[in-house]
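Structure record follows, encoded as structure tokens.
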Amino acid sequence: MESVSYQRFPKIKIREMKDDYLKFELRETDASMANALRRVMIAEVPTIAIDLVEIEVNSSVLNDEFIAHRLGLIPLTSERAMGMRFSRDCDACDGDGQCEYCSVEFHLRAKCITDQTLDVTSKDLYSSDHAVIPVDFSDPSDANDPFDHTETQRGIIIVKLRRGQELRLRAIARKGIGKDHAKWSPAATVTFMYEPEIHINEDLMETLTLEEKLSWIESSPTKVFDIDKVTQQVVVVDPEAYTYDDEVIKKAEAMGKRGLIDIRAKEDSFIFTVESTGAVKASQLVLNAIEILKQKLDAVRLSDDTVEADDQFGELGVHMRGG
Amino acid sequence: MPLIVMSDSSSLKAPKSIFHPLPLSIANFVSLIRFLFARVSYERDTKIINAASFTVEREDHTIGNILRMQLHRDDNVLFAGYKLPHPLKYKIIVRIHTTSQSSPMQAYNQAINDLDKELDHLKNAFEAELANRPGQY
């Protein structure tokens, strides 16, 4: 019994791309697919984060669990995460999560010996794996002075130490997903909006005076419309600035010009903005999300057992196959 | 939450659990494994012909909603819906009712295959877009 395919062929167009930022258009699919991608990017794409901390010495002002929590929240470069094992189903280390397949070890040793306050940062964490290190947030564009270690070389502050205080610890980082704990989420924000389609009723618009047009344009909280200096016509300058707030529609009605403007959301067209924590590149995050969603779908396929059982005992199955 | 172990680092490892092999036959063992790993169970409706419920363990709106919307595209599907029976229970129930031209199981498999192919296409489209941006990545 061969059935027709209802497959869609979505289109993608990348608008803007940086390491930690991506803006793209997704077309010819529906909101369920866009939302599934968004949900997977936030909660199901794996990253690596510190999960176990063994404190040797801590004479800082912060207590052990406070420091352990702060360490957990530091983003680590996680290109390796997709190929890594979850420590719970790692068979190389009895599931205690301390082998090279499922964990990365970090060491931190810091002691303040001067009167100057010592900042212990993510840069003081030493990794056993050069591919998994705390994310570097220093902007290469303002690293004009290579010898200036004060501004450009800072990491994420973990704790501050005064004279005589010391912090020494060992930390195990593991693979995980945002669903288990937000520290594993690779996404800072992922949003999508429907692309708006804006039609101005030109005939009705021409019945307005210039002052009325200007006050109507002003009624929009975001700059969607403007006036053409030459023709004095109202033009759409940025449809995507529209936040579906209906202010311009209400204003038109208040002016007695119902139907002046028609704004509708295109049901099959989305504009995505993805911001990454730096654990993976934003573009890689999207690709990983697609891969994870594929794996999830594969996992919910019916097992052969179920199909066999239905073939054998389903009265209808026999009936339909002409039995 | 990170687990905190204070200074004495002598034994982080828990004692290895001792495995007691149960007197299971191979067939029993295979079916036990299948039972443990089967994520989907299928239950035919007792009153309506061509209607069934699929219980999908460890899935939520992410899978439920794309599956439902994909099933709606199928002309032979008369009804398709999913529910999350309880917010603390990590499972969904997908209910499908089809015409006699199809069957819930066929529609379910078709929907998954189509979604899988759509994601393949999406991946290729995205990679092609990345390749179109020379010098960047």
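Sequences listed follow chains A and B, in order.
Final position of the first sequence in our numbering is 323; the numbers increase by one with none missing.
Final position of the second sequence in our numbering is 460; the numbers increase by one with none missing.
Glycine included, each C-beta is placed from N, C-alpha and C at the ideal position.
Any idea what DSSP makes of residue i, helix, strand or coil?
{"i": "leucine 22 of chain A", "result": "strand"}
{"i": "valine 307 of chain A", "result": "helix"}
{"i": "methionine 82 of chain A", "result": "helix"}
{"i": "glutamate 382 of chain B", "result": "coil"}
{"i": "aspartate 398 of chain B", "result": "coil"}
{"i": "asparagine 58 of chain A", "result": "strand"}
{"i": "leucine 37 of chain A", "result": "helix"}
{"i": "leucine 302 of chain A", "result": "coil"}
{"i": "histidine 444 of chain B", "result": "helix"}
{"i": "leucine 125 of chain A", "result": "coil"}
{"i": "lysine 13 of chain A", "result": "strand"}
{"i": "glutamate 105 of chain A", "result": "strand"}
{"i": "serine 87 of chain A", "result": "helix"}
{"i": "histidine 409 of chain B", "result": "coil"}
{"i": "glutamate 450 of chain B", "result": "helix"}
{"i": "aspartate 119 of chain A", "result": "strand"}
{"i": "tyrosine 365 of chain B", "result": "strand"}
{"i": "isoleucine 157 of chain A", "result": "strand"}
{"i": "serine 215 of chain A", "result": "helix"}
{"i": "phenylalanine 137 of chain A", "result": "coil"}
{"i": "aspartate 51 of chain A", "result": "strand"}
{"i": "isoleucine 371 of chain B", "result": "coil"}
{"i": "alanine 131 of chain A", "result": "coil"}
{"i": "arginine 8 of chain A", "result": "coil"}
{"i": "isoleucine 435 of chain B", "result": "helix"}
{"i": "alanine 43 of chain A", "result": "helix"}
{"i": "arginine 162 of chain A", "result": "coil"}
{"i": "leucine 390 of chain B", "result": "helix"}
{"i": "leucine 71 of chain A", "result": "helix"}
{"i": "proline 346 of chain B", "result": "At proline 346 of chain B, the pLDDT of 47 sits below 50, so the modelled position is not reliable and the matter cannot be decided from this model."}
{"i": "alanine 430 of chain B", "result": "helix"}
{"i": "leucine 76 of chain A", "result": "strand"}
{"i": "alanine 92 of chain A", "result": "coil"}
Would you tell me roughly how many angstroms separate the C-alpha atoms of residue i and residue j, rounded to the nearest one?
{"i": "glutamine 429 of chain B", "j": "arginine 367 of chain B", "result": "13 angstroms"}
{"i": "leucine 71 of chain A", "j": "arginine 39 of chain A", "result": "25 angstroms"}
{"i": "asparagine 288 of chain A", "j": "methionine 205 of chain A", "result": "48 angstroms"}
{"i": "histidine 69 of chain A", "j": "threonine 117 of chain A", "result": "22 angstroms"}
{"i": "aspartate 119 of chain A", "j": "methionine 17 of chain A", "result": "33 angstroms"}
{"i": "leucine 208 of chain A", "j": "glutamate 197 of chain A", "result": "22 angstroms"}
{"i": "lysine 160 of chain A", "j": "serine 60 of chain A", "result": "7 angstroms"}
{"i": "isoleucine 67 of chain A", "j": "lysine 296 of chain A", "result": "35 angstroms"}
{"i": "valine 57 of chain A", "j": "alanine 182 of chain A", "result": "28 angstroms"}
{"i": "alanine 299 of chain A", "j": "alanine 254 of chain A", "result": "55 angstroms"}
{"i": "cysteine 102 of chain A", "j": "serine 376 of chain B", "result": "37 angstroms"}
{"i": "serine 330 of chain B", "j": "arginine 391 of chain B", "result": "Confidence is the limiting factor: at serine 330 of chain B the pLDDT is only 36, short of 50, which leaves the residue's position unreliable and the question unanswerable from this model."}
{"i": "methionine 84 of chain A", "j": "lysine 175 of chain A", "result": "7 angstroms"}
{"i": "asparagine 447 of chain B", "j": "aspartate 439 of chain B", "result": "13 angstroms"}
{"i": "glutamate 212 of chain A", "j": "glycine 259 of chain A", "result": "16 angstroms"}
{"i": "lysine 229 of chain A", "j": "tyrosine 244 of chain A", "result": "26 angstroms"}
{"i": "glutamine 433 of chain B", "j": "tyrosine 6 of chain A", "result": "8 angstroms"}
{"i": "serine 324 of chain A", "j": "alanine 34 of chain A", "result": "Nothing can be reported for residue 324 of chain A: it is not among the residues displayed for chain A, which extend from 1 to 323."}
{"i": "aspartate 305 of chain A", "j": "tyrosine 365 of chain B", "result": "11 angstroms"}
{"i": "lysine 266 of chain A", "j": "valine 248 of chain A", "result": "19 angstroms"}
Going along the chain, which residues of its own chain have a beta-carbon closer than 7 angstroms to the beta-carbon of residue i, five neighbours each way excluded?
{"i": "aspartate 292 of chain A", "result": "The sequence as given places isoleucine at residue 292 of chain A; aspartate does not occur at that position. Hits under 7 angstroms: Val40, Glu44, Val45."}
{"i": "threonine 421 of chain B", "result": "Asn373, Asn399, Val400, Leu401, Pro427, Ala430"}
{"i": "lysine 179 of chain A", "result": "Ala43, Glu44"}
{"i": "phenylalanine 9 of chain A", "result": "Glu28"}
{"i": "aspartate 238 of chain A", "result": "Lys223, Val224"}
{"i": "isoleucine 389 of chain B", "result": "Leu438"}
Assuming residue i and residue j form a contact by the criterion Cβ under 8 angstroms, report the distance between their Cβ atoms to the nearest whole angstrom.
{"i": "isoleucine 172 of chain A", "j": "serine 122 of chain A", "result": "With a Cβ gap of about 16 angstroms, isoleucine 172 of chain A and serine 122 of chain A do not count as contacting."}
{"i": "valine 363 of chain B", "j": "glycine 387 of chain B", "result": "So it is not a contact: roughly 12 angstroms between Cβ atoms."}
{"i": "isoleucine 12 of chain A", "j": "glutamate 382 of chain B", "result": "So it is not a contact: roughly 25 angstroms between Cβ atoms."}
{"i": "arginine 80 of chain A", "j": "valine 132 of chain A", "result": "6 angstroms"}
{"i": "valine 349 of chain A", "j": "aspartate 64 of chain A", "result": "Lying before the first or after the last residue shown, residue 349 of chain A is absent from chain A, which here runs from 1 to 323."}
{"i": "isoleucine 113 of chain A", "j": "methionine 193 of chain A", "result": "At roughly 54 angstroms, the Cβ-Cβ gap does not stay under 8 angstroms, so isoleucine 113 of chain A and methionine 193 of chain A are not in contact."}
Grab me the residues of residue i's own chain with a C-beta within less than 8 angstroms of its C-beta, minus the 5 sequence neighbours each way, in chain order.
{"i": "alanine 110 of chain A", "result": "Leu118, Val120, Asp124, Leu161, Glu166, Leu167, Arg168"}
{"i": "alanine 282 of chain A", "result": "Met17, Lys18, Asp19, Asp20, Tyr21, Leu22, Val274, Glu275, Ser276"}
{"i": "alanine 36 of chain A", "result": "Leu293"}
{"i": "histidine 199 of chain A", "result": "Ile261, Asp262, Ile263"}
{"i": "glutamine 424 of chain B", "result": "Asn399"}
Apart from the five residues on each side of it in sequence, which residues of its chain come closer than 6 angstroms, Cβ to Cβ, to residue i?
{"i": "serine 78 of chain A", "result": "Thr47, Ile48, Ala279, Val280"}
{"i": "serine 269 of chain A", "result": "Arg27, Glu195"}
{"i": "cysteine 99 of chain A", "result": "Ala92, Cys93"}
{"i": "lysine 406 of chain B", "result": "Ile416"}
CB of residue i to nearest heavy atom of the ligand ZN: below 8 angstroms?
{"i": "valine 363 of chain B", "result": "In the structure on display, the ligand ZN does not appear, and there are no ligands present to speak of."}
Jot down the residue ranges of each uninterrupted beta strand (DSSP E) in the segment 222-289 of chain A, minimum 3 residues, whole runs only, in chain order.
225-227, 234-236, 261-276
In chain order, what are the residue ranges of uninterrupted alpha helix (DSSP H) at least 4 long that sit wholly in the segment 164-204 of chain A?
none
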